[in-house]
Structures are given as structure tokens and as C-alpha cells.
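Report on one structure; see the data block that follows.
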Amino acid sequence: MLTVNGINVYYGAIHAIKDVSFHVDEGEIVTLIGANGAGKTTILHTISGLLRAKTGEIKFQNQSINKIEPHEILKMGIAHVPEGRRIFAQMTVLENLQMGAYTRNNKEETNNMIEMVFEKFPRLKERINQLAGTMSGGEQQMLAIGRALMSKPKLLLMDEPSMGLAPILVQEIFNIIQEINAAGTTILLVEQNANMALSIANRAYVLETGKVVLEGNAKELLGNENVRKAYLG
Ligand code: ATP
4 MLTVNGINVY YGAIHAIKDV SFHVDEGEIV TLIGANGAGK TTILHTISGL LRAKTGEIKF
64 QNQSINKIEP HEILKMGIAH VPEGRRIFAQ MTVLENLQMG AYTRNNKEET NNMIEMVFEK
124 FPRLKERINQ LAGTMSGGEQ QMLAIGRALM SKPKLLLMDE PSMGLAPILV QEIFNIIQEI
184 NAAGTTILLV EQNANMALSI ANRAYVLETG KVVLEGNAKE LLGNENVRKA YLG
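As C-alpha cells, then:
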């Protein structure tokens, strides 16, 4: 479904992503793990079109997307749940969800999608008219995920959804990720919480200073001595 082939990404003179290749097949949960600054966020931004690869290619459903505008990439079926959630703090829950459907102009479909999100996240329904910025971190993460689902993505890019959440909420968010996957959405998950990410993923890639240093079956990596030492504490 997604093929990333030898991409190189720079911030000015800084070579942040070095010849990275990986793929995500339809129906999978694939995780990119690695320490702070390894390049995980940069890779997701490059897939979404917010950053550009200098060389290399990204293909989604056999179509090259490296030169396509971010809103077109969203329309093609790739939605992004950004790091730190980035919900619209001064808008209500409902308005945030409506923003997530901006690539569609069918009101009935938008309302159906909002109902679907409320079924998955009853807590958001209770807070439908609350300003998003006044909600807890976990609720904001649910809203960020709900907003991304509004575009009915085929592939969901998730950047550190567990960041800053209490352990019980982390578990809830990871359960939700599995449910979304089971309902047919493919997931590329970036996490520092390697333990949790590997426990729900099919496959994983380990990044170090902008390079893929290890890849494999997630369960196998969970049992890998070097991975345990470096990332699982
Ligand atoms: P984190 O979990 O902290 O977000 P990450 O693995 O997602 O880490 P990136 O944020 O992608 O890592 O950063 C990869 C590298 O690129 C780091 O060396 C970082 O310092 C550098 N970098 C990231 N953003 C910029 C920027 N806007 N300008 C210059 N360098 C940047």
C-alpha cells in the first residue's frame, strides 16, 4: 500500500533522513521506533507532503506521491494524527471534527462520520460543545484521532499517540488503534513507547540517527536482546 524507497530528507544542511526504505502492506500495523531525534516525525511529515524528500520515492497504492500537495495526499486516503495532537484549541469538539471532513462537502456524510466517531469515543459526544483546548490530554488525543478518521483514511499515520498520557489512557489509546485497524484502516505508528508499539504491530523498523538499523516481525523484535537493551528499558 505504501512504499518508501531510499528517501533522503534535509533541514537545510542537516541530513535528517538517510536512504530510508520501508513498506506498509494493506491491513497492517507497522511501527517505526527509535530514540528522540531518530527521524520518526520527519518521515511522517515527508509522507504527508509537509516536507519533501530530496531524493528517493514514496508510492501510495502504486502512485508516486512525493510531488503531490498535502491536501491531495489526504484526499487520496492518507490522514495524519500529528505529534502533540495539534487540535484546534479555540474550537469546540464538534467544530474540530467538522474540520477533519474538509475534503468532503457532503453534509449528510459528514454527519454520519461524526456519529461514527462519537460511537467510538462516547466521551467526545459528552463534550460536543466544549472548547477542545480545555480538555484533558487523553481527550485531546481521542479528538485528534477522531478528526483524522473524519476523512475516512485508508492509511492512518500516527505520531506518538501515547505521549504525555497516564498509563491507563495509553492502554485505552492502543486498544482504540487496534480497533481502528480491525475495522479496515492500515496504520503506520511512530512511537517512543516501543514496548506498547511492538505489542500491537505486525512489523517494525528501528531507526537510529536517520537510518533504518533493524527491521522485522514485531513479536520477534520484542524478544530481541539488543532491542530490549536499547529501547525497552
Ligand atoms: P521526536 O520523537 O523527538 O520527535 P523523531 O525521531 O521524530 O524525534 P525528528 O523530529 O524527525 O525525530 O528529528 C530528526 C532529526 O532532524 C533530529 O536530528 C532533529 O534535530 C532534526 N530536526 C527536526 N526538525 C528540524 C528542524 N525544523 N530544523 C532542523 N533540524 C530539525
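To convert, take the position in the sequence shown, counting from 1, and add 3; that gives our numbering.
Just so you know, even glycine gets a beta-carbon here, dropped at the ideal spot from N, CA and C.
On a predicted model such as this, the values are computed, not experimentally measured, just so you know.
Inter-residue spacing [alpha-carbon to alpha-carbon] between residue i and residue j
i      : j      : result
Lys70  : Arg55  : 8 Å
Asn259 : Leu201 : The structure shown does not extend to residue 259, since the chain is modelled only from 4 to 236, so the question has no answer here.
Glu175 : Met94  : 25 Å
Ile171 : Met199 : 12 Å
Asn109 : Val120 : 17 Å
Gly80  : Leu235 : 33 Å
Ile10  : Glu129 : 43 Å
Range of the contiguous beta strand (DSSP E) that encloses residue i
i     : result
Ala56 : No beta strand (DSSP E) holds Ala56; DSSP gives it neither H nor E.
Ala19 : 17-27
Asn11 : 5-14
Nearest candidate by alpha-carbon position, reference residue i, set the options
i      : options                        : result
Phe25  : Leu224, Ala19, Thr34, Phe177   : Thr34
Tyr208 : Asn220, Thr113, Asn198, Ser154 : Asn220
Asn99  : Asp22, Thr113, Ala38           : Thr113
Asp22  : Leu224, Leu210, Gly226, Leu235 : Leu210
Residue environment, residue i, which counts as buried when at least 16 other CB atoms sit within 10 Å
i      : result
Gly149 : buried
Gln143 : buried
Gly42  : buried
Gly52  : buried
Arg88  : buried
Gly136 : exposed
Ala19  : buried
Extent of the continuous alpha helix (DSSP H) to which residue i belongs
i      : result
Gly140 : 140-152
Met102 : 96-103
Glu194 : That residue, Glu194, is in no alpha helix (DSSP H); its beta strand (DSSP E) goes 189-194.
Ile117 : 110-123
Leu47  : 43-51
> Counting pairs of beta carbons, one from the region 64-82 and one from the region 224-231, are three or more of them closer than 8 Å?
Replying inline: Remark: fewer than three beta-carbon pairs, one from each stretch, lie closer than 8 Å, so the region 64-82 and the region 224-231 are not flagged as touching.
message: Assess contact between the region 77-86 and the region 161-169, defined as three or more Cβ pairs (one per stretch) separated by less than 8 Å. Is contact present?
response: Contact annotation: the region 77-86 touches the region 161-169, with at least three C-beta pairs closer than 8 Å.
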